[in-house]
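**Q** Just so you know, the sequences run in chain order A and B. Residue numbering for the first sequence follows this note's numbering, beginning at 1 and increasing consecutively. Residue numbering for the second sequence follows this note's numbering, beginning at 764 and increasing consecutively. Yeah, the Cβ is synthetic: ideal placement off N, Cα and C, and Gly gets one too. Note that the structure is predicted; figures quoted are calculated from it, not measured.
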Amino acid sequence: MTSAMNEPRPAGVLIGQGLDRLDGPLKVTGAAPYPSDFDLPGMAYASLVRSTIASGRISRIDRGPAEAAPGVLAVVTHENAPKLGRGPKTILGAAPPPPLRDDRILHHGQFVAVVVAETAEQAAEAARLVQPEYDAADPVLDLADPRAKVRDDPWHVDMRRGNLDAGLAAADVTFQATYTTPENTNNPLGLFATVAAWEGDTLTVHDSTQWPYNTRGALARSFGVPERGVRVLAPFVGGGFGSGLRAWPHVILAALAARIIERPVKLVLTRPQMFTAVGHRPNTVQNVRLGATRDGRLLAIEHTSDSPVAMEDDNLEPITLGTSTAYACPNLITRDRQIRLNVPCPGSMRAPGEAQGNFALESALDELSYDLGMDPVRLRLVNESTVHPQTGLPWSSRAMRECYLQGAERFGWSLRSPEPRSMRDGDWLVGYGMAGASFLHYQAKCQARASIDRDGTAYVRSAGTDIGTGTYTVMTQLAAETLGLRTDRVRLGLGDTDLPMAPQAGGSGLTGALGGAVHAACVRLVHDFLRLVRNDPESPLRGCDLEDITLHDGRIQRTDDPTRGETYAGILARHGLEELTADGDSSPPRGDMIALVGSMVTSRLGRFGRAAVRATRAVAPAGACGAKFVEVRVDPDLGLLRVTRIVSVIDGGRILNEKTARSQITGAVVGGIGMAMFEETITDAGTGRIANATFGDYLIAVNADIPEMDVHFVGEPDPANPIGTKGVGEIGLVGIAPAIANAVYHATGRRVRSLPITIDRLL
Amino acid sequence: MTGAAARPPRAAAPYEVDLALRVNGITRRLRVDTRVTLLDALRDVLGMTGTKKGCDQGACGACTVLLDGRRVVSCLVLAAACEGRDVTTIEGLAHDDGTPHPVQQAFIRHDGFQCGYCTPGQIMSAVSLLAEGRGGSDAEIREFMSGNLCRCGAYPNIVAAIREVAKAGDDDAGV
Ligand code: FES
Ligand code: FES
């Protein structure tokens, strides 16, 4: 509650504390309002019809039977839909194509009609009566299909340094293997829902989004109405894991239905629709080649990947980019290709790209360690880079060595006998495995606003969302600390486009961006209070600047004499003001762009490029990193695999709340266990239909699959960010799948290069 | 296209049924489509949205409520089959004086959720598990909570919360 304002960064008692989640009471009583919980007067229900082919055209679509069904208010297909605009481009690429634009089918499960009725049951029933006829074409479904269109280097981030062939030729040991990862589906537990209500050309939407401003922009463009007339609300979202980063067709269709019937409409996706309509982690086929000296120094890394994208949509997901900055290796090539298929569009899913790319790289390093006869932790320590490997710029901060060393210590790595199949516990084979993990730094521009009211309480707000990460709680802690208030005197507003602009809750970037903006707004607010009393003869703070004061429990006091001071409320009252408000914003560090552009420049210009980039004297923001250690048990007769222990040591920069940050890591580890052992979206090779689109068939980790976990944070506040955070949303997942695969090899002697590691792969 | 028209009271259509059930101790009378599940009746007819829908297929546990004191997934129960029965939802768990149930409090202390969407179902299952005497060990808690999916992965904290209430042997831990 006391903070000195002359410090460049917030520091003190509240930040870091494992405060209980402030939205906890709402969530445990069922009172937190998720988008699907909204019920508006006169509201009707929409249900969607999906294509049953993956490629071709609709030859006939009869609306009649559905229109005649009880309670039906409208049936909309491409034949009677108005022409809709396409949403704006974002960092993730083009917006999804507008729904119902023509008779073409580009993937199985494409929305071909929306049915609106008085009740949800009537809408669902009538949707079944829409049965289009098709001219089906032979879909392109396989990455290896020669008909498929290939996009080389789709994002211009393929990297190169040194001379790969020379590196491989000079190596004492070389290694090469192919790894595959399957399609995974985000499956947030909250079914995505949109409740849309128009009043003339103004639109209010409750939506399961991770990025309200993006949804607002997409809706405005779709319907050709001004952005300021569109309000998107998402104060609570039932998880996202990346699937809420785009304004998907169903969002537009819900608003379209509401516009047509001139009543509010609720649309809730079904679980099977969640597999085809809101993105998923794309499958990959990856090739890794390594060359190293006898003592383990990497001389060459080549990492290539093929992954799918939809026919006419985008997905920003470099699989191999992370490899270019993972280790100090002088000769490297990373290369991505995207293959256009008749599939629902992939999209970000927790640790997009890195989840898959890191599996291949960290598996390959484990294999190399056996070829070298070297401990896998040592192999990684030998190759840890003190600078950004592609540009040579210094890291902002990177405690990767501590991650390895403390992880090994906490886990008891020294007890591992290196031979595969050498450790047993009764009938169970025991295996130890580990992996390193990094996640590229990401930050976007953000704004926030802070007010203090006559009663001395603060209201801090921004449009960013809390999808379960703890944003409400950590931002309250940060604001309370910066303003010198108790947390119960600070109210936080989130998830509303009527509030200042915020970027997506994604890329592990929101905490840093929003934290910077909240901090700036709060500092400015205190500053404005001081300005108010600067020439105020009645104020004991007269003439004080930020560096002369400290804050305590709603009171500004002089650092040289804390008895002299006054409260925010007192100042407002004396000046006859109801409240004082200040805005703050934050921008990504300069090093972000320099490191990325610099990487591209060095890729193309080699050493000369490197010299030019270093001349900028920039610092490369390191992003979060960590080391994962796993113990597994395998029953060799039954192929049963159990994960029995996991240690994660993470450098996440400054941790704003020990409790919620830890939950971010453990939760992501659970996702990593699912990726390693259970999750695989299966597409029928003939029809393109997803064959396991239910929770009964698509398995995710359940409570009994999860062991005790040890999570430990190391590192220091990261100078690349004004509040020192690195973002901890994805780093917990990265490295879990390879650590498990590596432990499985250690236990059984069987190398699984293809996820998930199911029983059949161990028999 | 049809506009918004207030519907006057009318006789039940052939696919509708009138029924009375007790929700959190209060008798509620409603007319529902025979196809309406208990889950949708709670949410859409009675406006009690604390109970969540995560799959509508009986596979995630988000919709868990107590029906005559036993946990059920309310998406697999037809409302029409609940005539005269007792339903307890997350909204009915707090004690009469408004104090949250010990399991609710433990979930907050142990951070047993993130997005919070699975939480009402988890808590209803946990309360039931304790009543069934299944909180004896972590292994047992994990096993008997495995019908409740949490995509945010709050499982270790959920176990810690339930363990704490089980250990405390709290007399208030029932419903
Ligand atoms: S909604 Fe009932 S079990 Fe998933
Ligand atoms: S808290 Fe999000 S699904 Fe459990």
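What whole-angstrom Cβ distance do residue 809 (chain B) and residue 848 (chain B) have, given they're in contact under 8 Å?
**A** As a working mapping, residue 809 (chain B) is identified with position 46 in the second sequence. As a working mapping, residue 848 (chain B) is identified with position 85 in the second sequence. Going by Cβ atoms, the distance from residue 809 (chain B) to residue 848 (chain B) rounds to 14 Å, so no, they are not a contact pair.
**Q** I want to see whether chain B comes within less than 7 Å of residue 595 (chain A), judged by CB atoms only; does it?
**A** Here the question's residue 595 (chain A) lines up with position 595 in the first sequence. Not an interface residue.
**Q** Looking at the C-beta of residue 63 (chain A), does it have a partner C-beta in chain B at a distance below 7 Å?
**A** Taking the first residue of the first sequence as position 1, residue 63 (chain A) is located at position 63. No - not a single Cβ of chain B is within 7 Å of the one on residue 63 (chain A).
**Q** If the cut-off is 9 Å on Cβ atoms, which residues from the segment 812 to 839 of chain B count as contacting chain A, listed in chain order?
**A** If the cut-off is 9 Å between Cβ atoms, the segment 812 to 839 of chain B has 812, 813, 814, 815, 816, 817, 818, 819, 820, 821, 822, 823, 825 near chain A.
**Q** Spell out a yes or no on whether the segment 267 to 286 of chain A and the segment 182 to 199 of chain A are touching, meaning 3 or more CB-CB pairs, one atom from each, closer than 8 Å.
**A** Touching, per the Cβ criterion.
**Q** Go ahead and label residue 725 (chain A) buried or exposed: buried means 16 or more other beta carbons lie within 10 angstroms of its beta carbon, across all protein chains shown.
**A** Numbered from 1 along the first sequence, position 725 holds the residue referred to as residue 725 (chain A). Counting Cβ neighbours within 10 Å, residue 725 (chain A) comes out buried, since at least 16 surround it.
**Q** Would residue 171 (chain A) and residue 291 (chain A) qualify as a contact pair, given that the criterion is a beta-carbon distance under 7 Å?
**A** Locating residue 171 (chain A) in the first sequence gives position 171, counting from the first residue. Locating residue 291 (chain A) in the first sequence gives position 291, counting from the first residue. Their beta carbons are under 7 Å apart, which means residue 171 (chain A) touches residue 291 (chain A) by this criterion.
**Q** Using 8 Å for Cβ pairs, my map puts residue 396 (chain A) next to residue 730 (chain A). What's the rounded Cβ distance?
**A** Numbered from its first residue, the first sequence carries residue 396 (chain A) at position 396. Numbered from its first residue, the first sequence carries residue 730 (chain A) at position 730. Contact flag wrong, Cβ pair sits at about 18 Å.
**Q** Could you check the C-alpha separation between residue 105 (chain A) and residue 54 (chain A) for me, to the nearest Å?
**A** Locating residue 105 (chain A) in the first sequence gives position 105, where the first residue counts as 1. Locating residue 54 (chain A) in the first sequence gives position 54, where the first residue counts as 1. The alpha-carbon atoms of residue 105 (chain A) and residue 54 (chain A) are separated by roughly 6 Å.
**Q** Mind listing, in chain order, the continuous beta strand (DSSP E) runs of no fewer than 3 residues lying wholly within the segment 623 to 710 of chain A?
**A** Runs found: 625 to 635, 640 to 651.
**Q** Relative to chain B, which residues along the segment 11 to 23 of chain A have a C-beta separation below 9 Å, given in chain order?
**A** Those residues of the segment 11 to 23 of chain A that come within reach of chain B (Cβ to Cβ, closer than 9 Å) are 18, 20, 21, 23.
**Q** Rounded C-beta distance between residue 234 (chain A) and residue 35 (chain A)? I'm assuming under 8 Å.
**A** Residue numbering aside, residue 234 (chain A) sits at position 234 when the first sequence is read from its first letter. Residue numbering aside, residue 35 (chain A) sits at position 35 when the first sequence is read from its first letter. About 7 Å separates the two Cβ atoms, so the contact holds.
**Q** Quick one: which residues of the segment 223 to 251 of chain A get their C-beta closer than 9 Å to a C-beta of chain D? List them in chain order.
**A** Absence of chain D from the displayed structure is noted, the protein chains being A and B.
**Q** Which residues of the segment 189 to 202 of chain A have a Cβ closer than 9 Å to any Cβ of chain B? Give them in chain order.
**A** Here the close residues are 189, 190, 191.
**Q** Find out if the Cβ-Cβ distance for the pair residue 318 (chain A), residue 109 (chain A) is shorter than 7 Å.
**A** Start at 1 with the first residue of the first sequence, and residue 318 (chain A) comes out as number 318. Start at 1 with the first residue of the first sequence, and residue 109 (chain A) comes out as number 109. Not closer than 7 Å, so no.
**Q** Candidates A:201, A:111, A:271, A:754: which alpha carbon is nearest residue 737 (chain A)'s?
**A** In the first sequence, the residue the question calls residue 737 (chain A) occupies position 737. The shortest Cα separation from residue 737 (chain A) among A:201, A:111, A:271, A:754 belongs to A:754.
**Q** Are there any heavy atoms of ligand 2 lying less than 6 Å away from the beta-carbon of residue 877 (chain B), as far as the coordinates show?
**A** Counting from one through the second sequence, the residue named residue 877 (chain B) turns up at place 114. Because some heavy atom of ligand 2 lies under 6 Å away, the Cβ of residue 877 (chain B) counts as near it: yes.
**Q** Please tell me whether residue 887 (chain B) has its Cβ less than 7 Å away from any Cβ of chain A.
**A** Here residue 887 (chain B) is taken as the residue at index 124 of the second sequence, counted from 1. So, not an interface residue.
**Q** Leaving aside the five residues before and after residue 270 (chain A) along the sequence, list all residues of the same chain whose C-beta is less than 8 Å from its C-beta, in chain order.
**A** Walking along the first sequence from the start, residue 270 (chain A) turns up at place 270. 191, listed in sequence order.
**Q** Could you tell me the distance, in whole angstroms, from the CA atom of residue 41 (chain A) to the CA atom of residue 265 (chain A)?
**A** Within the first sequence, numbered from 1, the residue matching residue 41 (chain A) stands at position 41. Within the first sequence, numbered from 1, the residue matching residue 265 (chain A) stands at position 265. In a straight line, the C-alpha of residue 41 (chain A) is about 10 Å away from that of residue 265 (chain A).
**Q** If contacts are defined as beta-carbon pairs under 8 Å, then residue 205 (chain A) and residue 339 (chain A) qualify, I think. What distance do you get, rounded to the angstrom?
**A** Translated into positions along the first sequence, residue 205 (chain A) becomes position 205. Translated into positions along the first sequence, residue 339 (chain A) becomes position 339. Actually they are not in contact, since the Cβ atoms of residue 205 (chain A) and residue 339 (chain A) sit about 34 Å apart, beyond 8 Å.
**Q** Under 7 Å Cβ to Cβ from residue 831 (chain B), same chain only, skipping five residues before and after it: list those, please.
**A** Start at 1 with the first residue of the second sequence, and residue 831 (chain B) comes out as number 68. Taken in chain order, the residues that qualify are 848, 849.
**Q** If you compare alpha carbons, which of A:380, A:368, A:309 is closest to residue 347 (chain A)?
**A** In the first sequence, the residue the question calls residue 347 (chain A) occupies position 347. The residue with the shortest Cα to Cα distance from residue 347 (chain A) is A:309.
**Q** Around the Cβ of residue 8 (chain A), are there at least 16 other Cβ atoms within 10 angstroms (buried) or fewer (exposed)?
**A** The residue labelled residue 8 (chain A) in the question sits at position 8 within the first sequence. Unreliable positioning characterises residue 8 (chain A) in this predicted model, as indicated by a pLDDT of 37, which lies under 50. The coordinate reading is nonetheless provided below. By the 10 Å Cβ count, residue 8 (chain A) comes out exposed.
**Q** Can you grab the Cα-Cα spacing for the pair residue 543 (chain A) / residue 237 (chain A), in whole Å?
**A** Your numbering for residue 543 (chain A) matches position 543 in the first sequence. Your numbering for residue 237 (chain A) matches position 237 in the first sequence. Each residue's Cα considered, the two are about 46 Å apart.
**Q** Measure the Cβ-Cβ separation of residue 670 (chain A) and residue 701 (chain A) and say whether it is below 7 Å.
**A** Residue mapping note: residue 670 (chain A) aligns to position 670 of the first sequence, counting from 1. Residue mapping note: residue 701 (chain A) aligns to position 701 of the first sequence, counting from 1. Contact: yes.
**Q** Cβ of residue 807 (chain B) versus every heavy atom of ligand 1: is any distance shorter than 6 Å?
**A** If you number the second sequence from 1, residue 807 (chain B) lands on position 44. Every heavy atom of ligand 1 is 6 Å or more from the Cβ of residue 807 (chain B), so no.
**Q** When you compare only the Cα positions, how much space is there between residue 359 (chain A) and residue 434 (chain A)?
**A** On the first sequence, residue 359 (chain A) is found 359 positions in, with the first residue counted as 1. On the first sequence, residue 434 (chain A) is found 434 positions in, with the first residue counted as 1. Distance between the alpha carbons of residue 359 (chain A) and residue 434 (chain A): 11 Å.
**Q** Is residue 818 (chain B) near ligand 3, judged by its Cβ being under 6 Å from some heavy atom?
**A** For the structure depicted, ligand 3 is absent and the ligand set comprises only ligand 1 and ligand 2.
**Q** Does residue 742 (chain A) pass the burial test, meaning 16 or more other C-beta atoms within 10 Å, or should it be called exposed?
**A** For the purposes of this step, residue 742 (chain A) is taken as the residue at position 742 of the first sequence. Answer is buried; the Cβ neighbour count reaches 16.
**Q** Go ahead and pull the three-state DSSP assignment for residue 930 (chain B).
**A** Within the second sequence, the letter at position 167 stands for residue 930 (chain B). Residue 930 (chain B): helix per DSSP, three-state reduction.
**Q** Please identify, using Cβ separations under 7 Å, the residues of the segment 620 to 631 of chain A that lie next to chain B, in order along the chain.
**A** The segment 620 to 631 of chain A vs chain B, Cβ under 7 Å: nothing.
**Q** Does the segment 711 to 725 of chain A come close enough to the segment 900 to 918 of chain B to have 3 or more Cβ pairs within less than 8 Å?
**A** Counting Cβ pairs under 8 Å, fewer than three are found: no touch.
**Q** Straight-line CA distance for residue 399 (chain A) to residue 357 (chain A)?
**A** Taking the first residue of the first sequence as position 1, residue 399 (chain A) is located at position 399. Taking the first residue of the first sequence as position 1, residue 357 (chain A) is located at position 357. Roughly 21 Å separates the two Cα atoms.
**Q** So with Cβ pairs under 7 Å, would you call residue 30 (chain A) a contact of chain B?
**A** As a working mapping, residue 30 (chain A) is identified with position 30 in the first sequence. So yes, residue 30 (chain A) belongs to the interface.
**Q** Considering only C-alpha positions, which residue in the set A:75, A:637, A:350, A:390 is nearest to residue 505 (chain A)?
**A** Taking the first residue of the first sequence as 1, we reach residue 505 (chain A) at position 505. Checked all of A:75, A:637, A:350, A:390; the closest Cα to residue 505 (chain A) is A:350.
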